[in-house]
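Enquirer: Have a look at the structure that comes next, please.
In the numbering used here, the protein residues as written are 15 to 141.
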């Protein structure tokens, strides 16, 4: 009986609408993991990913940084894969990511005109 009550008092349970959504055990030794274990619930995991990536306090970080930030507090099987997939599907990240910008290209020399004053070009220097 005491063992059961000790186990219950040493467990942190996060509930929403009467359902367990995450839990952590304090029975772990100091060197062991104390992150919240997120159940296999796609909508809950999606909500965590959205909050970690798209909330007003986040900066649309890449998958590596987002994974390291999330793994400080949470754990679920396949979390790294889920984070990478989520970030890869983020439209804002796809548009802004430097790899998706077209390179400017090399400067091209102007053709030499056949007739004098046939073409005039001018460089504007400002600043």
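For glycine and all other residues, C-beta sits at the position ideal for the given N, C-alpha and C.
Tell me the DSSP secondary structure of residue 138 in three-state form.
Expert: Here residue 138 refers to the residue found at position 124 of the chain shown. Coil at residue 138, not helix or strand.
Enquirer: Once DSSP output is grouped into helix, strand and coil, what is the label at residue 84?
Expert: The residue you call residue 84 lines up with position 70 of the chain shown. Residue state, collapsed to three classes: helix.
Enquirer: Measure the CB-CB distance between residue 51 and residue 62 and report whether it falls below 8 Å.
Expert: Position 37 of the chain shown, counting from 1, holds the residue named residue 51. Position 48 of the chain shown, counting from 1, holds the residue named residue 62. Not closer than 8 Å, so no.
Enquirer: Per DSSP, which residues does residue 50 bridge with? Please list them.
Expert: Counted from its first residue, the chain shown places residue 50 at position 36. For residue 50, which the question treats as bridged, DSSP gives the partners 88.
Enquirer: For residue 142 and residue 76, I'd like the C-alpha separation in whole angstroms.
Expert: With the chain represented from 15 up to 141, any question about residue 142 goes unanswered, as that position is not in the structure.
Enquirer: If you draw a straight line from the alpha carbon of residue 106 to that of residue 136, how long is it in whole angstroms?
Expert: Here residue 106 refers to the residue found at position 92 of the chain shown. Here residue 136 refers to the residue found at position 122 of the chain shown. Cα to Cα, residue 106 sits roughly 38 Å from residue 136.
Enquirer: Write down the C-beta distance between residue 89 and residue 59 rounded to the nearest angstrom, noting that I regard them as a contact closer than 8 Å.
Expert: Mapped onto the chain shown, residue 89 falls at position 75. Mapped onto the chain shown, residue 59 falls at position 45. Actually they are not in contact, since the Cβ atoms of residue 89 and residue 59 sit about 11 Å apart, beyond 8 Å.
Enquirer: From residue 82 to residue 134, what does the alpha carbon distance come to, in whole angstroms?
Expert: Locating residue 82 in the chain shown gives position 68, where the first residue counts as 1. Locating residue 134 in the chain shown gives position 120, where the first residue counts as 1. Taking the straight line from one Cα to the other gives about 57 Å.
Enquirer: What residues in its chain sit with their C-beta under 8 Å from that of residue 86, if we drop five residues either side in the sequence?
Expert: By one-based count along the chain shown, residue 86 stands at place 72. The residues are 49.
Enquirer: For residue 117, does the count of other Cβ atoms within 10 angstroms reach 16, so buried, or fall short, so exposed?
Expert: For the purposes of this step, residue 117 is taken as residue 103 along the chain shown, with counting starting at 1. It is exposed - the Cβ of residue 117 has fewer than 16 other Cβ atoms within 10 Å.
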